[in-house]
Amino acid sequence: MLKRFLLILFPVVILAAWLLSRRGEVPQVSFARVARETLVSTLNTNGKVEPIEWSAIRSETAGSVEKVNVGKGQLVAKGQLLVELDSGQARGELASAQAKIAQANAARQVLSTGGPSTEIAEIESGLAAARASLTNARRDLEATERLVAKQAATSSDLNLAREAVQKLELQIQSYERRRSALVAPTDRTIADARVRDMQALADSATRRIELSQIRSPLSGTLYQFDTRQGAYLNPGDLVGSVGRLDKVRVIVYVDEPDLGRVAKGMTVTISWDALPGRHWKGVVEKTPTQIVPLGTRQVGEVNCIIDNPESTLIPGTNINAEITSQIVENALTIPKEVMRREGTQTGVFKLEGERIVWQPVKTGATSVNRIQVLEGLNDKDAVALPVDRPLTSNMVVKPQIP
102 MLKRFLLILF PVVILAAWLL SRRGEVPQVS FARVARETLV STLNTNGKVE
152 PIEWSAIRSE TAGSVEKVNV GKGQLVAKGQ LLVELDSGQA RGELASAQAK
202 IAQANAARQV LSTGGPSTEI AEIESGLAAA RASLTNARRD LEATERLVAK
252 QAATSSDLNL AREAVQKLEL QIQSYERRRS ALVAPTDRTI ADARVRDMQA
302 LADSATRRIE LSQIRSPLSG TLYQFDTRQG AYLNPGDLVG SVGRLDKVRV
352 IVYVDEPDLG RVAKGMTVTI SWDALPGRHW KGVVEKTPTQ IVPLGTRQVG
402 EVNCIIDNPE STLIPGTNIN AEITSQIVEN ALTIPKEVMR REGTQTGVFK
452 LEGERIVWQP VKTGATSVNR IQVLEGLNDK DAVALPVDRP LTSNMVVKPQ
502 IP
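With my numbering applied, the sequence shown corresponds to residues 102 to 503, in that order.
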């Protein structure tokens, strides 16, 4: 039992002895000098690329893809033919409708001239002959009437002359009725309706052919396009997306506490992990009007316009963003890591002789590693860097100053 007690007591004694020895040691502390420099205050976050002007390209009709004329990433012009769907049936219907339109127009032309030319010619020839005969018969009738008056001809001769005139008059009436019967009043209405019906079929087929030709709605880069020959498209299916990429919009997600540091017109630098070493420049176009959740963060969506002359930034890309919120010339600065909090105060431990004293400070702009001091420190002051033991005001230290 005693042996077990000694085994437990021994490490405790060793630890106590070490702590007592440490208490008497003067701690060695590294210090950093307060410096004057141009401080660039930046805000680093992430965001996503969007096109400024873009349009989705969708199929307006159903059909299989017969021909693909472009590829992803290609520059296209407004109205350029991108994809052709199978339109064989529509083209056949168009050819049939056009043939029937030609026939219907020919029939309507015949009706407008009074009927078929051969029948008209036959009727007109018969009318001319009958009218000439009627003229002669009427002269004969007049002559016979004079002879009867002189008792040089009989009443029987007069009746025969009258019958000849009547017969020819009836023949002329028959020809005229026959000519009128060639075109009935409803024939033209029917012919016009047939032309309209055939034209409607042709227009429908033409529209289907046009819909089978999928064109670009605007000029730009075809940044999304995966349509392949042989694929089947339904109305509304997405074919691709086209947009202008010489300038892009980047939605930068800024955490709520940092939004006060962002203003319109500030410089923005974009980087993309897929192209290390490349940077794109732009400006803040619009600050957010609301806070939205983004995972575990509460952020404002800051709209930025970024120059993208080579169109290398693609819509949908996740990027890194650095907003330059402030540039302070000749700023008095210290490393961020020297800042401490004592109760409600924020400050540093400043070196005075061989002691450190607590010094509250008022800070301004910040960069990635340094922070501006507005009040509390002077040029060439030295401030304590973090160490692995607690520091207190008026503590004696062994300073290490670069």
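Idealized CB from N, CA, C, for every residue including glycine. Because the structure is a prediction, the values reported are computed rather than measured.
Expressed to the nearest angstrom, what Euclidean distance is found between the alpha-carbon atoms of V458 and D480?
-> Roughly 17 Å between the two C-alpha positions.
Rounded straight-line distance, which links the Cα of L395 to that of P500 = In a straight line, the C-alpha of P500 is about 45 Å away from that of L395.
Could you please give me the residues that DSSP links to T467 through a beta bridge?
-> Answer is I472.
In whole angstroms, what is the alpha-carbon distance linking S412 and H380?
-> Cα to Cα, S412 sits roughly 13 Å from H380.
DSSP beta-bridge partners for G383?
-> Paired residues: V369, I407.
What whole-angstrom Cβ distance do G344 and W155 have, given they're in contact under 8 Å?
-> Distance from G344 to W155 at the Cβ level is roughly 3 Å; contact confirmed, criterion being Cβ atoms closer than 8 Å.
Separation of T236 from K251, as counted between CA atoms | Each residue's alpha carbon lies about 23 Å from the other.
Would you mind giving the Cβ-Cβ distance between L186 and S313, rounded to the nearest angstrom? I have them listed as a contact below 8 Å.
-> L186 to S313, Cβ: 4 Å. Contact.
Work out the CA separation of V449 and R442 for me, nearest whole Å.
-> Distance between R442 and V449, taken at the CA atoms: about 8 Å.
Residue environment, Q446, which counts as buried when at least 16 other CB atoms sit within 10 Å | Exposed: under 16 other Cβ atoms inside 10 Å.
Only counting runs of 4 or more residues, tell me where the alpha helix (DSSP H) segments fall wholly within the region 135 to 203, in order along the chain.
-> As far as the region 135 to 203 is concerned, it has no whole alpha helix (DSSP H) run of at least 4 residues.
Examine the ligand NAP and report whether any of its heavy atoms sits within less than 7 Å of the Cβ of L261.
-> In terms of ligand content, the structure shown is empty, and the ligand NAP therefore cannot be addressed.
CA-to-CA distance, P358 to R490, given in whole angstroms | If I take the Cα positions, the gap works out to 31 Å.
For the beta strand (DSSP E) that V429 lies in, which residues bound it at each end?
-> Per DSSP, V429 belongs to the beta strand (DSSP E) from 419 to 436.
Where does Y324 land, buried or exposed, given buried means 16+ other C-beta within 10 angstroms?
-> Label assigned to Y324: buried.
Three-state secondary structure assigned by DSSP to A483 = A483 sits in a strand when the DSSP states are folded into three classes.
Three-way DSSP call (helix, strand, coil) for G227 in this model = The three-state secondary structure of G227, taken from DSSP, is helix.
Just how far apart, CA to CA, sit K451 and R134?
-> Answer to the nearest angstrom: the Cα atoms are 10 Å apart.
Leaving out the 5 sequence neighbours to the left and right, which residues in its chain are closer than 8 Å to L478 when beta-carbon positions are compared?
-> Short of 8 Å from the beta carbon of L478, and not among the five residues preceding or following it, lie these beta carbons of its own chain, in chain order: V135, L433, I435, V449, K451, Q460, V462, V484.
Determine the direct distance from the alpha carbon of K168 to that of P318, and round the result to whole angstroms.
-> So the two alpha carbons sit approximately 18 Å from each other.
Confirm, please, whether the CB-CB distance from S342 to A203 is below 8 Å.
-> Not closer than 8 Å, so no.
Taking just the CA atoms, how far does P152 sit from P410?
-> P410 and P152 have their C-alpha atoms some 13 Å from each other.
Does DSSP classify S275 as helix, strand or coil?
-> In this structure, S275 counts as helix in the three-state DSSP scheme.
Quick one: which unbroken beta strand (DSSP E) runs of 3-plus residues sit fully inside the region 337 to 368? Chain order, please.
-> The beta strand (DSSP E) runs lying completely inside the region 337 to 368 and spanning 3 residues or more are 339 to 344, 348 to 356, given in chain order.
Ordered along the chain, which non-local residues of its own chain (more than five positions away) have a Cβ less than 8 Å from that of K437?
-> Contacts found: T467, N470, R471, I472.
Look at the alpha carbon of Q175 and the alpha carbon of D327, and state the distance between them as a whole number of angstroms.
-> Q175 and D327 have their C-alpha atoms spaced approximately 12 Å apart.
Would you mind sorting T143 into buried or exposed? The rule is 16 or more other CB atoms within 10 Å of its CB.
-> Result: buried.
Cα separation between I424 and P416?
-> One Cα belongs to I424, the other to P416, and the distance between them is close to 20 Å.
Note the first and the last residue of the continuous beta strand (DSSP E) segment covering A447.
-> According to the sequence as given, residue 447 is Thr; it is not Ala. Where T447 is concerned, the enclosing beta strand (DSSP E) stretches over 446 to 453.
Nearest to K179 by alpha carbon, out of R278, V498, R316, V403?
-> Minimum Cα distance to K179 is reached at R316.
C-beta contact flag for I273 and L228 at 8 Å = Yes; because the gap between Cβ atoms is below 8 Å, this pair is in contact.
Taking 8 Å as the cut-off, decide whether the C-beta atoms of G148 and V393 are in contact.
-> Cβ atoms of G148 and V393: not closer than 8 Å.
Between D347 and D408, what straight-line distance do the alpha-carbon atoms span, to the nearest angstrom?
-> Distance between the alpha carbons of D347 and D408: 6 Å.
Whole angstroms is fine: what's the gap from T464's alpha carbon to D374's?
-> Rounded to whole angstroms, T464 to D374 spans 33 Å at the Cα level.
Nearest-angstrom Cα separation, counted from G189 out to C405 = Distance between the alpha carbons of C405 and G189: 48 Å.
Collapsed DSSP secondary structure at E311 in the structure displayed = Helix.
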